[in-house]
Amino acid sequence: MENAFGPKKIRSFLAVLLPDDVKNQIYQHLNPICRLPLDIKWVEKENYHLTLKFFGSLTESEIRKISLFLTELTPQVDSFSLKYGGWGLFPNRRHPRVLWLGLGGDALDALHNLWLKIENGLLNHGFPREEKSFHPHITLGRFRSPANIELLLIKMKGSPLSGEIGSFPVSELHLMESKLSPAGPSYSSLAAFPLRR
């Protein structure tokens with residue numbers, strides 16, 4: 247589909263989506279923190295996810311190319327489970343931009359290997375490699391300013407989010423569309439790619 251400005255483009259990323267019960271549990275623990283006088287734009291509970299690769303704006307042709315690659319790749323990759331818990335700040339505590347929840351467990355190597363296969367495979371299909379190293383996480387909020395950061399640090403240290411909370415299965419990947427609006431982003435799945443069970 248084209249318009250006067252060229253091919254239609256879709257803002258896209260590749261993600262692992264979280265089960266609803268995991269989203270609810272994270273939100274339940276985070277809710278008391280959200281009530282603090284902090285200058286943070288909190289991520290909506292429905293939008294919690296793990297980003298594997300951010301593409302930016304893609305044409306429909308590029309989306310088809312990515313989808314074909316993932317359709318071939320994912321049946322060769324075993325599903326696994328990730329543990330979630332522990333938190334941190336990107337890039338650091340002095341200049342925070344993102345509050346995140348960590349991911350880990352024995353399957354972290356499996357996740358990293360999957361990420362490498364995606365990066366290398368998409369590079370062969372003409373998509374540039376991610377310049378930053380891969381730090382798997384769930385974004386909880388984005389800082390507008392570091393106001394009351396010390397209060398946040400104290401409350402987070404005493405929160406259940408500081409320790410391991412639970413685990414969830416990684417059984418499929420989703421190619422997502424991101425629509426931006428003044429109210430915040432909204433995400434929808436364009437296609438799902440099941441891993442081998």
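Numbering-wise (the working numbering), the sequence shown opens with residue 247 and increments by one.
Note that CB positions come from ideal geometry on N, CA and C, so glycine has one too.
All figures in this text were calculated on a predicted structure; none of them were measured in a lab.
C-beta atoms of residue i and residue j nearer than 9 Å
i	j	result
I309	I364	no
L260	L426	no
L284	L397	yes
S432	S325	no
G350	K378	no
L441	T320	yes
L347	L419	no
R388	L345	yes
One or two residues paired with residue i in a DSSP bridge
i	result
W333	L347
D324	R442
H420	A261, A438
L296	V262
G430	According to DSSP, G430 bridges with nothing at all.
K425	S432
K255	T305
Where the alpha helix (DSSP H) containing residue i begins and where it ends
i	result
Y273	266-280
S313	306-319
Element boundaries [beta strand (DSSP E), containing residue i]
i	result
V416	410-416
K287	286-288
Which runs of the beta strand (DSSP E), 3 residues or longer, sit entirely within the segment 348-405? 383-389
Quick test of the definition: if touching needs 3 or more C-beta pairs under 8 Å, does the segment 263-281 touch the segment 394-405? yes
Can you confirm whether the segment 287-295 touches the segment 350-359 when touching is taken to mean that 3 or more C-beta pairs between the two stretches lie within less than 8 Å? no
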